[in-house]
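First residue of the sequence shown? That's 24 in the working numbering, and the numbers climb one at a time after it.
One structure below.
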Amino acid sequence: LGSGLSQYIVQFIQKNMSHNRHNRSVLVGMAAVYAFTLMGIAGYIWHLNSGGMPSRVAFAPLGLYDVYWHGLILLGSILLGAWISGSLQIDDQDSSITFCHYPFTIVFVGLLFARLFDVIFVTPIAQAQGISATSDYFNNPTLLFNLAWGGLNVSGAIFGVGILLAVLAKWQSKPVISALFRGMVALFVISSLVQWGHFINQELFGYPTQSPWGIFISPEFRLPELDENSRFVPIFLLAAVWYLAGGSWLV
24 LGSGLSQYIV QFIQKNMSHN RHNRSVLVGM AAVYAFTLMG IAGYIWHLNS GGMPSRVAFA
84 PLGLYDVYWH GLILLGSILL GAWISGSLQI DDQDSSITFC HYPFTIVFVG LLFARLFDVI
144 FVTPIAQAQG ISATSDYFNN PTLLFNLAWG GLNVSGAIFG VGILLAVLAK WQSKPVISAL
204 FRGMVALFVI SSLVQWGHFI NQELFGYPTQ SPWGIFISPE FRLPELDENS RFVPIFLLAA
264 VWYLAGGSWL V
């Protein structure tokens, strides 16, 4: 049963790759993904040469609150992932679930689940800010809407958009595997792009390294037991390349 299912999935992917080689919407979306990735790599090379790091804060509207690059990158990742996965032509009879039909719904669901996951599964960043459990958010409800506390979880965004695509597929009487395939493409695209938010936040790195390609992590973001080390394996870069390769192959 397992081998038969695997063979079916491989055949399904190979069949539908040919449908999207000349799909203009998909090509434009992937071109945007590659362009953003090249910008991220350029920023990484600049970091290696200068030791500098972009500010985590993108801007502060009227000085009232900070808007972080990580949140903007996650939002853009959701938009691109939804655009590309929604524009895929799954088979000859498939009329795509396009992003243009449900833009606000997709963005809202993605951001809602991204925040919910961050609240439910308390992240190390939130713990460092003094939040030890989900109940801490509900004891002070204003924190639920303050993204500076904790933040957004890309896993939640992927989960939420995946459920939405499955519901839309069911509603439009489309095969469930079509929705799963779309969700898988969105997973790779979103996961690839959001790594550059991790780069700016200095929050996804591995063991210490002396290699010239190691990323410099500021002391306040290092683990206490590794405080004497300054450069670490750039896990975010490996993840970005891995997810980008997977998404490119699927499309």
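Beta carbons: idealized from backbone N, C-alpha and C, even for Gly.
The model shown is predicted, which means the values in this text are computed figures rather than measured ones.
Secondary structure at residue i, three-state DSSP: helix, strand or coil?
i, result
"residue 198", "coil"
"residue 101", "helix"
"residue 245", "coil"
"residue 205", "helix"
"residue 238", "strand"
"residue 274", "coil"
"residue 145", "coil"
"residue 164", "helix"
Name the one or two DSSP bridge partners that residue i has.
i, result
"residue 84", "Beta-bridge pairing links residue 84 to no other residue."
"residue 131", "Partner(s): none; residue 131 has no beta bridge."
"residue 51", "According to DSSP, which records beta bridges pairwise, residue 51 is partnered with nothing at all."
"residue 259", "In DSSP, residue 259 forms no bridge with anything."
"residue 254", "239"
Taking 6 Å as the limit between beta carbons, can you name the residues of its chain near residue i, skipping five residues before and five after?
i, result
"residue 178", "140"
"residue 262", "218"
Taking its Cβ as the centre, do 16 or more other Cβ atoms sit within 10 Å of residue i, making it buried, or is it exposed?
i, result
"residue 96", "buried"
"residue 106", "buried"
"residue 62", "exposed"
"residue 172", "buried"
"residue 56", "buried"
Within a Cβ cutoff of 8 Å, which residues of the same chain sit near residue i, ignoring the five residues on either side of it in sequence?
i, result
"residue 208", "104, 107, 108, 111, 270, 273, 274"
"residue 174", "91, 93, 94, 141, 146, 148, 149"
"residue 130", "98, 101, 102, 105"
Within a Cβ cutoff of 7 Å, which residues of the same chain sit near residue i, ignoring the five residues on either side of it in sequence?
i, result
"residue 202", "188, 189, 192"
"residue 213", "100, 101, 104, 177, 180, 181"
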